[in-house]
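Shown next, in structure tokens, is the structure this report addresses.
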Amino acid sequence: MSIDTNLPMELYKANVQLWLNMGLLLQEARQQWADLGDKTLEDDVEETRKELEELSHASDWKDLGNLPGSTAWRRMQKRVGDAQACTETAIAEQTRFVAGMQHALADWQKSLTRAVSDAGKSIPMGVPMNGAVPDFGALMAMFTPPGAGSATKSAGKGKSHAN
């Protein structure tokens, strides 16, 4: 008797959906980091433009001498802000990623449950499950040395093995 079930296809679809969801989550994480890198680059370009502007307005040696100190202080403050933004982005992205993974795994679990449940409904209760469970006795016999089976039987009957 042949039982028509979509179980293999449904399981495959559930797995592919999980893989695609995980890939999407990774791509979104990469996009967040790329956006942070773009913002940092834009800020650095703007900072360099400000430094060029200050240099062009320096009218004497004193103004010119103060430029490195003011630039270093401003850059140090900016780096602290950058580190804070990076930390906030990392925390937010990790939280979003974990929530997305939980959602993807929950969807996957629901799909598997539905597929197995639907397959169980399509199998009549009276159908014998011949061949569904392998014969482990025959399998074990392949790995049992010849004569070992009779030694264990005789040992179980309390006979002595002395020569």
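First residue of the sequence shown? That's 35 in my numbering, and the numbers climb one at a time after it. Don't be surprised by glycine CBs; every beta carbon is placed ideally from N, CA and C.
Check for me: the alpha helix (DSSP H) holding N40 runs from which residue to which?
Careful: N40 lies outside any alpha helix (DSSP H) and carries neither H nor E.
Indicate the three-state DSSP secondary structure (helix, strand or coil) for S145 in the structure shown.
helix
If A138 and L41 are in contact, beta carbons under 8 Å, what's the gap, nearest whole angstrom?
The Cβ separation is near 21 Å, so there is no contact.
Beta-carbon proximity list for A153, same chain, < 6 Å, skipping 5 on both sides
A distance below 6 Å between beta-carbons, with the five flanking residues on each side excluded, links A153 to the following residues of its chain, in chain order: T39 and L41.
Output the distance between the C-alpha atoms of R148 and Y46, rounded to the nearest integer angstrom.
13 Å
How about A92 and L98: do their beta carbons lie closer than 7 Å?
yes
Using beta-carbon positions only, say whether L101 and E88 come within less than 7 Å of one another.
yes
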